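Residue numbers (the numbering used here), protein chains in the order written: chain Z, 1 to 283; chain F, 1 to 290.
Single-structure report; data block below.
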């Protein structure tokens, strides 16, 4: 039995491997975009508009994935777009996680009036339609990366709080919590030292899911032209532009869409993979 | 003088008139083993929880004193109370599968109390933990200390919990149905182990159980509970020779016999239940009027 486990541990599960590879690539793309991008992502050339990707007849060398209707290089725009997407994923995901998980943990473990306050807050919060709420928020805050991040955090903390609250409640009912209290641990110290490590696997899964969601939300906001200045390349913006010329130049829509899809999928698979591998109970 | 002395302990579900404990009084002398028996829901575990301060949020206790070595726990601040209990009491929980934190190694879980409350150095505490694990007959204590709970069997975990309970040489241990979740074969070993440890360390033990056979083996005195009311408080010898309360008698008669495994089971007669319920209601009226 031990041997079986050891073998399982040595081999990296494919979902973890593949998702890490894609996300790793994405990070490299984002960080080194200025060096990797073959063209200026903003440079327009109407003479070179709607060039197809390299394997289709009529492609120009140098424009690997073709150009959009204004003659901008699709590959370079995807590369630059990954900067905003990743930044939003990391910052918004982490902030949402910190706020949501902390409130959820407090509500689930401390119970009483703390729980009452937080839970009612979640109920009220969740009654707002999220997309409208975020559009409204951006309209008030004005476009820009910090507005996107704030909008995501403000809307999505409830997702964490709900799940972590339930998890913390389940853990709080276990005998080991009572044992810890009998051996003199205070409430706060029990929460941090005993409960938190046991909800951490769930937090990690939620965090990676949230990063994927943040990428989608950013794309949605870009799609409706509410994220950052319209010139800057964003995946959502590209999808929105590509939509108008789908019959003449499908590649303008399809490539950013594939990138977006792979990224969101990778985030969720990364979380599940990490949980499978590092949860001491499953391990 | 008794080490633990509970006087008039009552508990109710918050916001309801439903009482879980009704004016419970009981004493445990230093080094004594007292059994606490009753049906499911009689409130026997609640008493243990009330002493140790681990009652659920939804239960409130009222109008009572819990004297531990002469100090009333009810009069202390939460922090002081926790420190006092941590230094002098311990718990052997019911379910060894959930009583160890799954994401922490065994070693730390045994030494926590020694380091946090008694101020030992980590090295001393670890040496003590190894010693205790050997005392509860765990092979290779060194390896077990580094293990996670899920790597060990239920019986092993219960041994660890017993070792952990005795770690700080407490004066009182509450054992909350410590054998209920175990296999029958393991139960006997664990029971023997608890009895042996108790005798060696001279710890007072409050043994919560529904198994009168267990009581006859390990306890010196016992309290019989029904509906949160102590209906009989006696020594084990007197109880098995001549139980005073009709409910106790019925309970004893209802115990399945090893000598007659095919014999039909004797339920507690309805009349006895009616009478004891009447007694419970009378206790409630007593509170209402007086």
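Where a beta carbon is used, it is the ideal one built from N, C-alpha and C, also for glycine.
Here the structure is a predicted model, which is why all the values come from computation and not from measurement.
Query - Same chain, Cβ closer than 7 Å to residue 45/F, neighbours up to 5 away in sequence not counted - result: 176 and 208
Query raised in the report: Whose C-alpha, out of 244/F, 228/F, 258/F and 12/F, is nearest the C-alpha of residue 299/F?
Result: The question about residue 299/F has no answer here: the residues shown for chain F are numbered 1 through 290.
Report task. Would you give the residue range spanned by the alpha helix (DSSP H) that residue 97/Z belongs to? Result -> 74–110
Requested in this report: For my contact list, residue 163/Z and residue 236/Z are in at a C-beta cut-off of 8 Å; report their separation, rounded to the angstrom.
Outcome: Rounded, the Cβ-Cβ distance is 27 Å, inconsistent with contact.
Report task. May I ask you to list the residues that DSSP assigns as paired with residue 173/F? Result -> 90/F and 205/F
**Report entry** Proximal chain Z residues relative to residue 99/F, where beta-carbon distance stays under 9 Å
**Finding:** 174, 175, 176, 178 and 179
Query raised in the report: To which residues does DSSP link residue 15/F through a beta bridge?
Result: For residue 15/F, which the question treats as bridged, DSSP gives no partner whatsoever.
Requested in this report: Could you list which residues in chain Z have their beta carbon closer than 9 Å to that of residue 53/F, in chain order?
Outcome: 181 and 182
Report task. Enumerate in chain order the residues of its own chain whose CB-to-CB distance from residue 135/Z is below 8 Å, with the five nearest sequence positions on each side excluded. Result -> 221, 224 and 226
Query raised in the report: What residues in the stretch 103–124 of chain Z bring their beta carbon closer than 7 Å to a beta carbon of chain F?
Result: 111 and 112
Report task. Put residue 49/F into one of helix, strand or coil per three-state DSSP. Result -> helix
Report task. Quick one: grab the DSSP three-state call for residue 82/F. Result -> helix
Requested in this report: Excluding the 5 residues preceding and the 5 following residue 63/Z in the sequence, name in chain order all residues of the same chain whose CB lies nearer than 6 Å to its CB.
Outcome: 51 and 73
Query raised in the report: Okay, do the stretch 3–11 of chain F and the stretch 18–38 of chain Z touch, 3+ Cβ pairs below 8 Å being the bar?
Result: no
**Report entry** Residue interval of the alpha helix (DSSP H) (run including residue 226/F)
**Finding:** Where residue 226/F is concerned, there is no enclosing alpha helix (DSSP H), although the beta strand (DSSP E) it sits in stretches over 221–226.
Requested in this report: Taking all protein chains shown into account, decide if residue 113/Z is buried (16 or more other Cβ within 10 angstroms of its Cβ) or exposed.
Outcome: exposed
Report task. Output the distance between the C-alpha atoms of residue 151/Z and residue 89/F, rounded to the nearest integer angstrom. Result -> 50 Å
Requested in this report: Determine, using beta-carbon pairs with one atom in the stretch 157–172 of chain F and one in the stretch 101–118 of chain F, whether at least three such pairs fall under 8 Å.
Outcome: yes
**Report entry** Backbone CA spacing between residue 168/F and residue 145/F [nearest angstrom]
**Finding:** 17 Å
**Report entry** Contacts of residue 198/Z in chain F (Cβ-Cβ under 8 Å)
**Finding:** 101, 102 and 103
Report task. Would you tell me roughly how many angstroms separate the C-alpha atoms of residue 69/Z and residue 264/Z, rounded to the nearest one? Result -> 27 Å
Report task. Go through its chain and collect everything with a Cβ distance to residue 190/Z's Cβ below 8 Å, but skip five positions before and after it. Result -> 109, 177, 180 and 181
Query raised in the report: From residue 245/Z to residue 106/Z, what does the alpha carbon distance come to, in whole angstroms?
Result: 50 Å
Report task. Starting from residue 232/F, trace the beta strand (DSSP E) both ways and give me its first and last residue. Result -> 229–235
Query raised in the report: Taking 8 Å as the CB-CB cut-off, is residue 194/Z touching chain F?
Result: yes
Query raised in the report: Residues in its own chain within less than 6 Å of residue 147/Z by CB, not counting five upstream and five downstream?
Result: 138 and 141
Query raised in the report: Sorted by chain position, which residues of the same chain lie with C-beta nearer than 6 Å to residue 249/F's C-beta, five sequence neighbours on each side aside?
Result: 243
Query raised in the report: Considering only residues of the same chain and omitting the five flanking positions on each side of residue 126/F, which have a CB-CB separation below 8 Å?
Result: 107, 111 and 145
Requested in this report: Could you tell me how far apart the beta carbons of residue 215/Z and residue 88/Z are, in whole angstroms, since I believe they sit closer than 8 Å?
Outcome: 7 Å
Query raised in the report: Of all the options 66/Z, 98/Z and 199/Z, which has the alpha carbon lying nearest to the alpha carbon of residue 278/Z?
Result: 199/Z
**Report entry** residue 218/Z - containing alpha helix (DSSP H), residue span
**Finding:** 196–223
Report task. Verify the CB distance criterion: does residue 276/Z have a CB-CB separation below 8 Å to chain F? Result -> no
Report task. Compare the C-beta of residue 112/F against all C-beta atoms of chain Z and say whether one is closer than 8 Å. Result -> yes
Requested in this report: From the DSSP output, in three-state form, read off residue 27/F for me.
Outcome: strand
Query - Cross-chain neighbours of residue 71/Z in chain F, by beta carbon under 8 Å - result: The contacting residues do not exist; residue 71/Z stays about 56 Å from chain F at best.
**Report entry** alpha helix (DSSP H) segment containing residue 65/F, residue limits
**Finding:** Unbroken run through residue 65/F is the beta strand (DSSP E), 65–68; no alpha helix (DSSP H).
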